[in-house]
Structure formats: C-alpha cells, structure tokens
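Count along the sequence shown starting at 1, add 325, and that's the number in the working numbering.
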Amino acid sequence: MNTAKKRKQKFSLAHLTALQVPPPEFIRMAARTGYDYASIRTIYMGLPGEPNYDLSTSKEMLDDTKQALKETGLEVWDIELVRVEEETDPLSLVPSFKIAQELGAKHVIASIWTDDLEFGKNSFAQICDLAKPYGLTVQLEFVTIAGVYDLKGALAILNSVKRQNAAILVDSHHFHRSVHLFGDKVEDLKRIPRKWINFFHLCNATSTISEDIEEMTRILREERLYVDEEGIDNKEILSYMPDDIVYSLEIPHKQRAEAYGYEEHARKCLESAKNFFATIHDKKEVVHS
C-alpha cells in the first residue's frame, strides 16, 4: 500500500470533450468549471466534422486565446493531434509547435496511423526532433484503430527512436480495448519508464467492446462515459501509474453534450473524476525505472 501523503490531482480538459467550442471560449469554459489546465486541438487534420482551430493561420483567434489565458490564469497543458500518415509532412507542423510554445504548452500528442511502421517510426523521430527546440515532449498515444494500436507497439517505437523528448500517453479507453483485443496486460504498464509518463487520458466506457471499426470510432469520439461510471477498471489501471501526473479528461459524449450543454457536460466530467478519486483508498505503489 502506498502510505505517502495523498496528492491533490490535477486535471486538464481535453478538447475532444467539447470540440465544437473554439480555443478561446474552451479555455474560459475550462476555467469556469474548475480545471487546472486546458488541452487544445490546434493541429487541423481535416477529419469529417472537425472544426479548424489552426492558430498559426488565424491571428485573431490566437490573440483571443492568449487573452483567455491571461484572463483566467489557466495554462495550456498540451496541443493535439499529430496524426502520422503516409502524406504527413513533419516540417508542416513547425508553425503549430511555435504557437504551442507561445501558449506555454508542455506537450504535443501524436499517434501513428500508417501500417508502414518503419515509416511511422522515422516520421515520429523527426517530429520529436522538430518539437524539441520548442520545449515540447511528443506523447505517442496508441489508438486501437490506428497503426500503432497497443502498448507493446508504442514501447517498441520509443525504444527504437531513443529521443529524450519522446513519451507515451495511455488512454484508459484505448488501453482497455488493447487488453481485450490485442493481448496487452495491465501489469505491462510497469514496463513504461517513469520518464515516459507525463499525463493520462482518463474516461470510462462500456466494458463490452465492439470489433466493428465504425462502431469503435463512433464510441471513442461520441460516447465515452463519466469516470465514476461502470465499465473500465480505472482503479486497477491507475494503480500502475505514478501519482504526480496530470489527468486529462477526454470524455466526448454527443447526447449528453446536447442535453446539458458543453459547459455543464465539462463540469460533470470533472465532478465524476473527483468522485472516482475519492473512492480510491489503497493504491498499489509501483516503481518505474
């Protein structure tokens, strides 16, 4: 049992939770609802229905975003999303990295979607090199519908590229899926070096896992559950995570956002996370190398 003094958790609001809210208002909303940080999607990927918040091409929105940070005192924790595909040009990301530095962001999230893992690995290494001068770590998130879809694959990439600013981002929903679909084990989380763990994407979802790609995609983008609801065993997963990390709440739920409004939904996300942590008493102490 971990007998250390209980630490107050720090929370960031992930943009996917309320993606239709532009960065300036998103930051103000995160502050009003009690978050410590905001995680904003400033790298446009051109996905269906995705709003374009590329601050490197919109001075007005950039200025308003900076003003929102000044007004609220909130900080940007990370930006997203670098989606590594065959057509991805790492050099095109530099303007976004520069903006991230201007906003005080500490991390950028990346995921590898190509099945050519040698290309994906080399591109990821180049992205780390390009992000380093801007003080950014590149968080490789394994996504169960992508090219790097499990913890084993993410560890293999980082062990191969050996970049000092490379890290792994674990998402409780994706990890739950990788355990059931690809053979990852919860105790495998001990294999992640401590220096590779900076924050954690926290949510919940139904324990039943669809293997249909369209349905998997819909759930991860539109129907994740509050942290204190039943489904994923987040308590067990987090028992293998360090205590001193930030929890980014990525809980998109289309129907609830429509019913409550984005701000109330964001508030309920944070309340659910706090309720969840209030129920944890005996957390295993795990030492990362």
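In this text, a Cβ means the ideal position worked out from N, Cα and C, and glycines have one as well. What you are looking at is a predicted structure, and each value in this text was computed from that prediction instead of being measured.
Problem - Phe-336: first and last residue of the uninterrupted alpha helix (DSSP H) it sits in - result: Here residue 336 corresponds to residue number 11 of the sequence shown, with the count starting at 1. Segment 335 to 339 is the beta strand (DSSP E) holding Phe-336; no alpha helix (DSSP H) there.
Exercise for the section: Go through its chain and collect everything with a Cβ distance to Ile-424's Cβ below 7 Å, but skip five positions before and after it. Expected result: The residue labelled residue 424 in the question sits at position 99 within the sequence shown. Closer than 7 Å at Cβ, skipping near neighbours: Thr-367, Leu-380, Ser-381 and Leu-387.
Exercise for the section: Output the distance between the C-alpha atoms of Glu-466 and Ile-434, rounded to the nearest integer angstrom. Expected result: Walking along the sequence shown from the start, residue 466 turns up at place 141. Walking along the sequence shown from the start, residue 434 turns up at place 109. Each residue's alpha carbon lies about 7 Å from the other.
Problem - contact_flag[the segment 547 to 555, the segment 570 to 580] where n(CB pairs < 8 Å) is 3 or more - result: yes
Problem - Collapsed DSSP secondary structure at Trp-521 in the structure displayed - result: For this step, residue 521 is matched to residue 196 along the sequence shown. Reduced to three states, the DSSP call for Trp-521 is helix.
Practice task
Name the two residues that bound the continuous alpha helix (DSSP H) containing Ala-456.
Solution key: Here the question's residue 456 lines up with position 131 in the sequence shown. Start and end: 442 to 456.
Practice task
Report yes or no: do the segment 464 to 481 and the segment 435 to 453 share at least 3 C-beta pairs separated by less than 8 Å?
Solution key: yes
Exercise for the section: Would you please verify whether the beta carbon of Gly-508 is less than 7 Å from any beta carbon of chain B? Expected result: The structure shown contains no chain B; it is built from a single protein chain.
Problem - Leu-399 and Ala-363 closer than 7 Å at C-beta - result: Mapped onto the sequence shown, residue 399 falls at position 74. Mapped onto the sequence shown, residue 363 falls at position 38. Yes; because the gap between Cβ atoms is below 7 Å, this pair is in contact.
Practice task
Please list the segments of the alpha helix (DSSP H) lying wholly inside the segment 348 to 389, counting only runs of 4 or more residues, in order along the chain.
Solution key: 348 to 357
Practice task
Assign Tyr-572 to one of three DSSP states: helix, strand, or coil.
Solution key: For the purposes of this step, residue 572 is taken as the residue at position 247 of the sequence shown. Residue state, collapsed to three classes: strand.
Problem - Straight-line Cα distance separating Phe-602 from Val-407 - result: The count along the sequence shown starts at 1 and reaches residue 407 at position 82. The count along the sequence shown starts at 1 and reaches residue 602 at position 277. Using only the alpha carbons, I get a separation of about 30 Å.
Practice task
Classify Thr-533 as buried or exposed, calling it buried when 16 or more other Cβ atoms lie within 10 Å of its own Cβ.
Solution key: Reading the sequence shown from its first residue, position 208 is the one you call residue 533. By the 10 Å Cβ count, Thr-533 comes out exposed.
Practice task
Out of Glu-350, Ile-605 and Leu-338, point me to the one whose CA is closest to Asp-553's CA.
Solution key: Locating residue 553 in the sequence shown gives position 228, counting from the first residue. Here the closest residue by C-alpha is Ile-605.
Problem - Rounded separation between Lys-477 and Tyr-378 - CA only - result: Counting from one through the sequence shown, the residue named residue 477 turns up at place 152. Counting from one through the sequence shown, the residue named residue 378 turns up at place 53. Those two C-alpha atoms are separated by around 32 Å.
Exercise for the section: State buried or exposed for Gln-489, treating a residue as buried only when at least 16 other CB atoms are found within 10 Å of its CB. Expected result: Start at 1 with the first residue of the sequence shown, and residue 489 comes out as number 164. When all chains shown are included, Gln-489 counts as exposed.
Problem - Three-state secondary structure (DSSP) of Arg-488 - result: Against the sequence shown, residue 488 aligns to sequence position 163. Correct three-state label for Arg-488: coil.
Exercise for the section: Put Leu-588 into one of helix, strand or coil per three-state DSSP. Expected result: Position 263 of the sequence shown, counting from 1, holds the residue named residue 588. Residue 588 is actually Glu in this sequence, not Leu. DSSP places Glu-588 in helix when its eight states are reduced to three.
Problem - Counterpart residues of Asp-403 in DSSP-defined beta bridges - result: In the sequence shown, counting from the first residue as 1, residue 403 sits at position 78. In DSSP, Asp-403 forms a bridge with Ser-364 and His-432.
Handout entry: Span of the beta strand (DSSP E), counted from its first residue to its last, around Thr-462
Key = Residue numbering aside, residue 462 sits at position 137 when the sequence shown is read from its first letter. Run containing Thr-462: 462 to 466, per the beta strand (DSSP E) assignment.
Exercise for the section: Note down the Cα distance separating Lys-330 from Asp-568, rounded to an integer number of angstroms. Expected result: For the purposes of this step, residue 330 is taken as the residue at position 5 of the sequence shown. For the purposes of this step, residue 568 is taken as the residue at position 243 of the sequence shown. In this predicted model, Lys-330 has a pLDDT of only 44, less than 50, meaning its place in the structure is not dependable; the value taken from the coordinates is given anyway. Near 10 Å, if we compare the C-alpha coordinates of Asp-568 and Lys-330.
Practice task
Measuring alpha carbon to alpha carbon, tell me which of His-526, Leu-416, Lys-593 and Phe-507 ends up nearest Ile-570.
Solution key: Counting from 1 along the sequence shown, the entry for residue 570 is found at position 245. Cα-wise, what sits closest to Ile-570 is His-526.
Problem - Between the CA atoms of Lys-391 and Ser-597 - distance to the nearest angstrom - result: Numbered from its first residue, the sequence shown carries residue 597 at position 272. Numbered from its first residue, the sequence shown carries residue 391 at position 66. The alpha-carbon atoms of Ser-597 and Lys-391 are separated by roughly 29 Å.
Handout entry: Integer Cβ distance of Leu-418 from Leu-455, believed to fall under 8 Å
Key = Numbered from 1 along the sequence shown, position 93 holds the residue referred to as residue 418. Numbered from 1 along the sequence shown, position 130 holds the residue referred to as residue 455. Confirmed, about 6 Å.
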